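Below is one structure; the comments refer to it alone.
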Amino acid sequence: MLKNSVKQAGLTLIEVLVGLTIGIIIIAAIVSIFSNAITSTEQMLDSGKLNQALESAMNTMVSDVQRAGYWYKTDYSTNNTNPFLSGTDDLTTTSTCLTFSYDADTDGSMSDADRFGYRLSGGAIQYRSTGSTTCSAGSGWTNLTDPNLITITTFDVSVTSVPITGNNTDHTYYRTVTLTIGGNLVNDSASTTTITRTIKLYNNLYSST
Numbered sequence: 015m016l017k018n019s020v021k022q023a024g025l026t027l028i029e030v031l032v033g034l035t036i037g038i039i040i041i042a043a044i045v046s047i048f049s050n051a052i053t054s055t056e057q058m059l060d061s062g063k064l065n066q067a068l069e070s071a072m073n074t075m076v077s078d079v080q081r082a083g084y085w086y087k088t089d090y091s092t093n094n095t096n097p098f099l100s101g102t103d104d105l106t107t108t109s110t111c112l113t114f115s116y117d118a119d120t121d122g123s124m125s126d127a128d129r130f131g132y133r134l135s136g137g138a139i140q141y142r143s144t145g146s147t148t149c150s151a152g153s154g155w156t157n158l159t160d161p162n163l164i165t166i167t168t169f170d171v172s173v174t175s176v177p178i179t180g181n182n183t184d185h186t187y188y189r190t191v192t193l194t195i196g197g198n199l200v201n202d203s204a205s206t207t208t209i210t211r212t213i214k215l216y217n218n219l220y221s222s223t
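In terms of my numbering, the sequence shown opens at residue 15 and continues consecutively.
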């Protein structure tokens, strides 16, 4: 008895190669998309860390600076001079540092515990931890930002004083402080952020001259 023969046809080498090429292209595209998604997520996380660090530092400074000149025993009726708005204990600034004072312990008199300040030094924002220190001192300052996480590249401060009342000898000044800080992540110098705040001082400056 004769049996019918069945022809079996397989893929040619060219068809196999074309299939492999298409598969490789698809896999490469998927890997590229996945890699880009990971990179984008990492950048977003890094940006979030930087923004959080800068915002935290700025909020700390704003809440502190706006109290400059506060005097618990204010009594201008007896011609007393506010010690927290006098001389070097008044708000004093350079381009990268500001110092000020307020009656933190509410005893009505000036002491080192009432002196505060912020400056840029060594890529970090520092706060004045010893009241008697100056902007240029090598000690008496403590890091507010972490130099192992972010590098502060910008710390600009300026003060605006506007007379709001007065006669020939007496003036009251409305004052604002404009503070700009900026920086980048230590492990990613391309990730940068800059923020600016204008701070209204609660306590106006009174001058009799």
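We put the CB at the ideal spot given by N, CA and C, even for glycine.
For clarity, every value in this text was computed on a predicted model and none was experimentally measured.
- For ASP202, the enclosing beta strand (DSSP E) has its first and last residue at 202-214.
- Restricting attention to beta strand (DSSP E) runs no shorter than 3 residues, the segment 93-139 encloses them at 106-108, 111-115 and 129-135, ordered along the chain.
- Burial check for ALA138: the Cβ neighbour count within 10 Å reaches 16 or more, so the residue is buried.
- Taking the Cα of ASP202 as reference, the smallest distance to any Cα among THR159, LYS63 and MET124 is reached at LYS63.
- If you draw a 10 Å sphere on the C-beta of ASP160, you find fewer than 16 other C-beta atoms in it, and that means exposed.
- Note: ILE195 is bridge-paired with PHE169 and ILE209 in the DSSP secondary-structure output.
- Ranked by Cα distance from THR174, the first of THR212, LEU163, THR165 and TRP155 is THR212.
- For LEU68, the three-state secondary structure derived from DSSP is helix.
- In the structure shown, LEU158 adopts coil according to DSSP, grouped into three states.
- Three or more Cβ pairs closer than 8 Å define a contact, and the segment 105-115 meets that threshold against the segment 125-135.
- Boundaries of the beta strand (DSSP E) harbouring TYR220: 219-221, taken from the DSSP string.
- THR26 sits in coil when the DSSP states are folded into three classes, being neither helix nor strand.
- Between the C-alpha atoms of TYR141 and LEU134 there is a straight-line separation of about 9 Å.
- The beta carbon of LEU99 sits closer than 6 Å to the beta carbons of GLY83 and LEU219 from its chain, once the five residues preceding and following it are set aside; these are given in chain order.
- Three or more beta-carbon pairs drawn from the segment 186-200 and the segment 68-81 are found closer than 8 Å, and the two stretches are therefore classed as touching.
- DSSP places SER175 within a strand segment (E or B) once states are collapsed to three.
- For the 9 Å CB-CB criterion, THR107 and SER172 form a contact.
- The criterion of a C-beta distance shorter than 9 Å is satisfied by ALA67 and GLY197.
- In the displayed model, THR35 falls within a helix according to three-state DSSP.
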